[in-house]
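Read the structure below first, then the notes.
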Amino acid sequence: MAGDVDEKALFERFSNKYKLVQNDLLRQIERSNCGSDYGANSFTTLKQAKELEAMLALGAKQSLLEVGAGSGWPGLYLAKQSGCDVTLTDLPIEGLRVAKERGDSEQLPGICTVAVASGSALPFRTGAFDAISHSDVLCCLIDKLLVLKACRKVINANGKMIFSAILISPGLSSADNQKAIECGPSFMATEDSYENLLDVAGWKLIDRVNLSSEFFETLQVMLGNELDHNEALEKLLGKDEALRRLNRTRSYIEGLEQGFIRRELFHVVPA
Ligand SMILES: C[S@@+](CC[C@H](N)C(=O)[O-])C[C@H]1O[C@@H](n2cnc3c(N)ncnc32)[C@H](O)[C@@H]1O
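By the working numbering, the letter at position 57 of the sequence shown is numbered 54, and the numbering carries on one by one without gaps.
So this is what it looks like as structure tokens:
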């Protein structure tokens, strides 16, 4: 699976996905997969979003930045629950349009702003945000350090950032490392460990939690849904895309079973 696309192709894949976010079947499948229907492309479940809400502990007048927000998951949910202001950024405009509409229609208590922006060039003032979150975004882009540095610039001195990422399990042989690269997301590999990247970018690591077993359970449900609705998904997405999604789910499951890949949550603060 990995390496089957470059960043531009991945961008187009996300843009196409966000055009279909409001489809009834996809929303139904997503509710079954992860408990929400915002058009999630990450593997953040509703249960994990609730945990994120507790960890971020945001309130009215505080500001959250969601980087790589897609169509608003989980940033919109966090804003709804906490009453904070939320700024959603991503590159494809399609997802952000859907997110803005949902934010407006749900009459969020705080202000909801969307901006087309790369995670590596965030167009905000220094220290603008109380919290930043991103869900499985760093494994969708090559230059992770640039994004971590850009996030560091816009967090305030007492702020925190919580993000999930799918990564290659540490300590693999080079043959297994190669197999990990083949079964995980396209840009899962890092030029350095996450600890070192965070350190260089000016972040202090507070905690990292292994979410792999929950990820595995989510993937099992996802696989069941993709098989049960295969015919309808082929009609909706085309045979190639439906098969690609099925193969991706199987490939992640295999990567987890073999211990090649994992999904983790990082809690960091300015160093
Ligand atoms: C796994 S999806 C997560 C989307 C959403 N937060 C969710 O949970 O469904 C990763 C997102 O990262 C975005 N992304 C990829 N490269 C990016 C970059 N350089 N800057 C900002 N966002 C990027 C993609 O467009 C995609 O929407």
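Built from N, CA and C at the ideal position, the CB exists for glycine as well.
For the pair K58 and Q104, the Cα-to-Cα distance works out to about 15 Å.
Closest option to E179, judged by alpha-carbon separation, among A239, E9, F160 and T246: T246. Assigned with DSSP and collapsed to three states, E103 falls in coil, not helix or strand. Between L233 and L22, the C-beta gap is smaller than 8 Å, which places the two residues in contact. Cβ neighbours of L138 within its own chain (closer than 6 Å, five residues either side excluded): F184. In the structure shown, the three-state DSSP call for I258 is strand.
Rounded to the nearest whole angstrom, the CA to CA distance from K16 to K44 is 26 Å. Y191 and S79 have their C-alpha atoms some 29 Å from each other.
When DSSP states are grouped into helix, strand and coil, M219 belongs to the helix group. DSSP places D189 in the coil class of the three-state scheme, outside both helix and strand. In this structure, DSSP gives G181 a state outside helix and strand, which the three-state scheme calls coil. The three-state secondary structure of V266, taken from DSSP, is strand. Scanning the stretch 64 to 91 for uninterrupted beta strand (DSSP E) segments of 3 residues or longer gives 82 to 87, listed from N- to C-terminal end.
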